[in-house]
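Working notes for the structure below.
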Amino acid sequence: MTREFWKGNEAFAEAAVRAGLQAYFGYPITPQTEALEYMSHRMPELGRPFLQAESELGAINMVYGAACTGARVMTSTSGPGTSLMVEGLSYIAATEVPMVLVDVVRGGPGLGNIVPSQQDYNQMVHGGGHGDYHQIVLAPASVQETVDITYNMFDLAEKYLTIGVVMIDGSIGQMMEPAEMPPMLEIRKDIPDWAVRGGKGNNRRVKTSIYFAAEDMEKTNLRMMRRWQQIVKNEIRYKEYFMDGAKIAVVGYGSAGRIALSAVRTARSQGLPVGLIRPISLSPFPKQLISEIAEQVDSILVVEMNTGMMLDDVLCAVQGKTHVEFYGRSGGVIPFPGEILKEIERISKKPKKDGRHPRDLWLERMESISV
Amino acid sequence: MATVDIKNMEVVYERPKTLINKITTYCPGCTHGTAHRLVAEVIDEMGLSDTTIGVASVGCSAFSYDYFDCDFVAAPHGRAPAMATGIKRVKPDRIVFTYQGDGDMISIGTGEIVAAAARGENITVIFINNANYGMTGGQMAPTTLPDMKTTSSPHGRDVKKMGYPIRASELLSTLDGASYIVRRSLHDAKNIRKAKKAIRMAFETQVRGLGFSMVELLSTCPTNWHLTPTDASNWLEERMVPYYPIGDYKVHPVLNEIKI
Amino acid sequence: MPLKGTIIVDENLCKACELCIEACPQHVIALDDEKITPRGFHPAYLAEDGCTGCGICALVCPEAAITVYREKPARK
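Quick note, the sequences are listed as chains A, B and C, same order. Those letters in the first sequence? Residues 2 to 372, by our numbering. Those letters in the second sequence? Residues 110 to 369, by our numbering. Those letters in the third sequence? Residues 457 to 532, by our numbering.
Structure (structure tokens):
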């Protein structure tokens, strides 16, 4: 397969098409609208349903309907749209049907702006919709990774009857990089044995999230949790860079991780023993790995494009075994490698160990930005 | 260059005070600017700038609060009628208007606008219909004409797959709660004059406590229609006016007595 | 004999959309190729005699950039 120049938003759309996507329902929202526009000609070209819904609320419910028929279906959106979709996601999770969501993250909260951030971490990783459910959240850092993860996500979602979220920073959706597309899969012809399709009597199937009897609702929750346990066991993904002999570990995902890698490379060339952990699965989170790293290093620096969301997961995994600091830019501001390098240099010389929460320490250092 | 001495001349027209003196970020020739100007003129003429609260929406309209010299709030996409309701219910003596585009009002916002009109909410809605989602780059909107090409209907709007456009004025006028629902156009001077009168009537509806008022303004989007401003005005007249007839769809009887 | 009029176009607001040029019944407005506004446009201006101060240009201007003047009618 040839490598071509692909724009992130169009790349994930094409990757989904090749994974046998059977329907796309979406709505315009910057910075992912190119995906909608791409699908508006690519899907009809292949004779597959495409529809621009009346809103994200409409779109997620169209996805819900199609998912109940066992079709490979997806939607894509950004923060304000994701917020509208979380009611639907809760229903889809409780109905135990698979779907794929691509969240192309912009600045916020509120209407915010159209520049990249990592503001949706908590919403996607720790909930969003009501109830006890977990969704797989994978965070690529390049267009190629986005292609590979999106292509694979449909299998994952179906294997575990779960929601698969590909969460990319707005920058990745907008940037163009060389990428190789995976092979075109045929649309599945079989219908899963749980899907609605037309049946009656003993043969009929009902897909619902209603469980009036509390015991039945509890059984559903336990069933979902047991599948989640399997996901935690099997689907942790991450990349490590320069961790050999590292005494400082930088932890960052997506674009933040990619930018941090530049800083880590420079720091290493200066002789500083620093490495990078780039989690790819945010949900399930690589807790075990972080816990082990905490035993190896003197300090961990968490870098994010928000005010510290993955930070809390890192702190939880570290369990106080090592010193943790934080550096974040939010609202759509993207950090430069130099900023992260300065933090690495500061921590290697004199980490701030006064027992305070890393977010408080970071806010203090951000005082130079008057609000 | 022709120069004439203005010392002995009277001013026939000058920029309304309620329109803040700054260049807009709207595209050259975009009739958002015209609509803003007309609303500002009406607010000036009725002396309402101290008592008006505007509700901006999401689209190119999101920037409207930069250009009116009055208080404003910014609603999420489609929710302006609900926010306006919240404001008007706690502050009934204020004049509350929303400024919404077609994607905002009649796609994602259908629930809110129908509910506000049905409730007879004493607010004024300025509805800009330019047949596409302008801000996000020209996607299909509920008001996109059949066969019209947009970035999400690249081969033209196929009514069999994507359905028919929505005529919002006709739709909302069926509601008993609506008091003044009219459609005007901004494609030439004659129609702009009529549009101004309609906007005035809409604000009069609110001032007199007569209920829900909306003025639908057929507008151009030169950039996303890929036409010059002049050609866009002509296209509006030739293609949109036949589909969205200019007219009065609901007029409260008391309003017929008012002479402006 | 129609009254004499004139217009002043605010160059900080004009975006050279040409709607006024198209709408002017006397065809006396044009874009000034000799000038460029801070925003990079050739602003509209009164290029010829014949303005009657009818105000149609200001009516169609999306930027409210035009102020229209007209001589006061002669009083007996």
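Positions of the beta carbon are idealized from the N, C-alpha and C atoms, including for glycine.
| task | Would you mind sorting A:N235 into buried or exposed? The rule is 16 or more other CB atoms within 10 Å of its CB. | result | Counting from 1 along the first sequence, the entry for residue 235 of chain A is found at position 234. By the neighbour-count rule (16 or more Cβ atoms within 10 Å), A:N235 is not buried but exposed.
| request: Compare the C-beta of B:Y174 against all C-beta atoms of chain C and say whether one is closer than 8 angstroms. | output: Here residue 174 of chain B corresponds to residue number 65 of the second sequence, with the count starting at 1. Using beta-carbon distances, B:Y174 does not count as an interface residue toward chain C, since no partner is under 8 angstroms.
| field | Interface partners of B:T245 on chain A, CB under 8 angstroms | value | The sequence position of residue 245 of chain B within the second sequence is 136, counting from 1. Neighbours of B:T245 on chain A, chain order: P29, I30, T31 and T34.
| Residue environment, A:V207, which counts as buried when at least 16 other CB atoms sit within 10 Å | Indexing the first sequence from 1 puts residue 207 of chain A at position 206. The residue is exposed, with fewer than 16 neighbouring Cβ atoms inside 10 Å.
| query | Who are the near neighbours of B:F312 in its chain, counting only those whose CB is closer than 8 angstroms to its CB and skipping five residues on each side? | reply | For the purposes of this step, residue 312 of chain B is identified with residue 203 of the second sequence, where counting begins at 1. V151, I152, M155, L157, I204, F206, T233 and S322, listed in sequence order.
| message | Check whether the stretch 223–230 of chain B and the stretch 283–299 of chain B touch, using three or more Cβ-Cβ pairs below 8 angstroms as the test. | response | yes
| field | Assigned exposure category for B:A149 - 16 Cβ within 10 Å defines buried | value | Reading the second sequence from its first residue, position 40 is the one you call residue 149 of chain B. By the neighbour-count rule (16 or more Cβ atoms within 10 Å), B:A149 is buried.
| task | Determine the burial state of A:Y152: buried for a count of at least 16 other Cβ atoms within 10 Å of its Cβ, exposed for fewer. | result | The count along the first sequence starts at 1 and reaches residue 152 of chain A at position 151. Result: buried.
| Could you give the distance in angstroms between the alpha-carbon of A:F243 and the alpha-carbon of A:P141? | As a position in the first sequence, residue 243 of chain A is number 242, starting the count at 1. As a position in the first sequence, residue 141 of chain A is number 140, starting the count at 1. The C-alpha of A:F243 lies about 19 angstroms from the C-alpha of A:P141.
| message | Between the stretch 250–268 of chain A and the stretch 211–224 of chain A, can you find at least three pairs of beta-carbon atoms closer than 8 angstroms? | response | no
| Nonlocal neighbours in the same chain, by C-beta distance under 8 angstroms from B:T337, ignoring five residues either side | Stepping through the second sequence from its first residue, residue 337 of chain B is reached at position 228. For B:T337, where only same-chain residues beyond five positions count, the Cβ hits under 8 angstroms are G138 and P331.
| Applying a beta-carbon distance threshold of less than 8 angstroms, which residues of chain B neighbour A:Q145? | Locating residue 145 of chain A in the first sequence gives position 144, where the first residue counts as 1. None at all; the shortest Cβ gap to chain B is about 26 angstroms.
| At what residue ranges does the stretch 290–335 of chain B contain a whole run of the beta strand (DSSP E), taking only runs of 3 or more? | Counting only runs of at least 3 residues, the stretch 290–335 of chain B fully encloses the following beta strand (DSSP E) elements, listed from N- to C-terminal order: 321–327.
| query | Is the CB of B:M118 under 8 angstroms away from at least one CB in chain C? | reply | The sequence position of residue 118 of chain B within the second sequence is 9, counting from 1. Closer than 8 angstroms to some Cβ of chain C, the Cβ of B:M118 qualifies, so yes.
| task | Please report the residue range of the alpha helix (DSSP H) in which A:G255 lies. | result | For the purposes of this step, residue 255 of chain A is identified with residue 254 of the first sequence, where counting begins at 1. G255 to S270 is the extent of the alpha helix (DSSP H) around A:G255.
| query | How about C:Y525 and C:G506: are their beta carbons less than 8 angstroms apart? | reply | Here residue 525 of chain C refers to the residue found at position 69 of the third sequence. Here residue 506 of chain C refers to the residue found at position 50 of the third sequence. Result no, Cβ atoms of C:Y525 and C:G506 do not sit closer than 8 angstroms.
| message | Within 10 Å of its beta-carbon, does A:F6 have 16 or more other beta-carbons around it, so buried, or fewer, so exposed? | response | Looking up residue 6 of chain A in the first sequence gives position 5. Exposed, by the Cβ-count rule.
| message | Counting only Cβ pairs nearer than 7 angstroms, list the residues of chain A close to B:Y273. | response | Along the second sequence, read from residue 1 onward, the residue named residue 273 of chain B stands at position 164. Residues of chain A whose Cβ lies closer than 7 angstroms to the Cβ of B:Y273 do not exist; the shortest such Cβ separation is about 14 angstroms.
| said: I'd like to know whether the C-beta of C:A530 is nearer than 8 angstroms to at least one C-beta of chain B. | reply: Along the third sequence, read from residue 1 onward, the residue named residue 530 of chain C stands at position 74. Not closer than 8 angstroms to any Cβ of chain B, the Cβ of C:A530 fails to qualify, so no.
| Is it buried or exposed for A:A268, if we count other Cβ within 10 angstroms and need 16 for buried? | Taking the first residue of the first sequence as 1, we reach residue 268 of chain A at position 267. Classification for A:A268: buried.
| task | List the endpoints of the continuous alpha helix (DSSP H) containing C:L515. | result | If you number the third sequence from 1, residue 515 of chain C lands on position 59. Residues I512 to V516.
| said: Please give the ranges of any beta strand (DSSP E) in the stretch 459–508 of chain C, keeping only runs that are unbroken, at least 3 residues long and fully inside the region. | reply: 461–465, 485–487 and 500–502
| request: Verify the CB distance criterion: does B:T133 have a CB-CB separation below 8 angstroms to chain C? | output: Working through the second sequence from its first residue, we reach residue 133 of chain B at position 24. Taking Cβ atoms only, chain C reaches closer than 8 angstroms to B:T133, which makes this a yes.
| said: Between C:C476 and chain B, is any beta-carbon pair separated by less than 8 angstroms? | reply: Here residue 476 of chain C refers to the residue found at position 20 when the third sequence is read from its first residue. Output row for C:C476: interface = no.
| query | Of all the residues that make up the stretch 85–119 of chain A, which are near chain B by a beta-carbon distance shorter than 7 angstroms? | reply | L112
| Inter-residue spacing [alpha-carbon to alpha-carbon] between B:K299 and B:V167 | Indexing the second sequence from 1 puts residue 299 of chain B at position 190. Indexing the second sequence from 1 puts residue 167 of chain B at position 58. Their Cα atoms are separated by approximately 29 angstroms.
| request: Using the Cα positions of B:T194 and A:R357, report the straight-line distance between them to the nearest angstrom. | output: Along the second sequence, read from residue 1 onward, the residue named residue 194 of chain B stands at position 85. Along the first sequence, read from residue 1 onward, the residue named residue 357 of chain A stands at position 356. About 45 angstroms.
| message | Please tell me whether B:T143 has its Cβ less than 8 angstroms away from any Cβ of chain C. | response | Start at 1 with the first residue of the second sequence, and residue 143 of chain B comes out as number 34. Interface residue, yes.
| query | How long is the line joining the alpha carbons of A:E241 and B:G142, rounded to whole angstroms? | reply | What you label residue 241 of chain A is simply residue 240 of the first sequence in a count that begins at 1. What you label residue 142 of chain B is simply residue 33 of the second sequence in a count that begins at 1. If you take the alpha carbons of A:E241 and B:G142, they lie about 54 angstroms apart.
| Contacts around B:M110, its chain only, beta-carbon distance under 8 angstroms, and the 5 residues preceding and following it disregarded | As a working note, residue 110 of chain B is residue 1 in the second sequence. Any answer about B:M110 is weak, because its pLDDT of 45 lies below 50 and its placement is not dependable; what the coordinates show is given next. Excluding sequence neighbours, B:M110 sits near nothing in its chain.
| task | Determine the DSSP secondary structure at A:F243, reduced to helix, strand or coil. | result | As a position in the first sequence, residue 243 of chain A is number 242, starting the count at 1. In the structure shown, the three-state DSSP call for A:F243 is coil.
| task | Using a Cβ cut-off of 9 angstroms, pull out every chain A residue sitting near B:A183, in sequence order please. | result | For the purposes of this step, residue 183 of chain B is taken as the residue at position 74 of the second sequence. The answer, in chain order, is G111 and L112.
| Where does A:L90 fall in DSSP's three states? | Residue numbering aside, residue 90 of chain A sits at position 89 when the first sequence is read from its first letter. Three-state result, A:L90: helix.
| If you check the beta carbons only, do A:I237 and A:L139 fall under 8 angstroms apart? | By 1-based counting over the first sequence, the position of residue 237 of chain A is 236. By 1-based counting over the first sequence, the position of residue 139 of chain A is 138. No, the Cβ-Cβ distance between A:I237 and A:L139 is not below 8 angstroms.
| Would the beta-carbon of B:V291 fall within 8 angstroms of that of B:G247? | Here residue 291 of chain B is taken as the residue at index 182 of the second sequence, counted from 1. Here residue 247 of chain B is taken as the residue at index 138 of the second sequence, counted from 1. Contact: no.
| request: Give the residues of chain C in contact with B:C139, contact being defined as C-beta atoms less than 7 angstroms apart. | output: As a position in the second sequence, residue 139 of chain B is number 30, starting the count at 1. Here the neighbours are P518.
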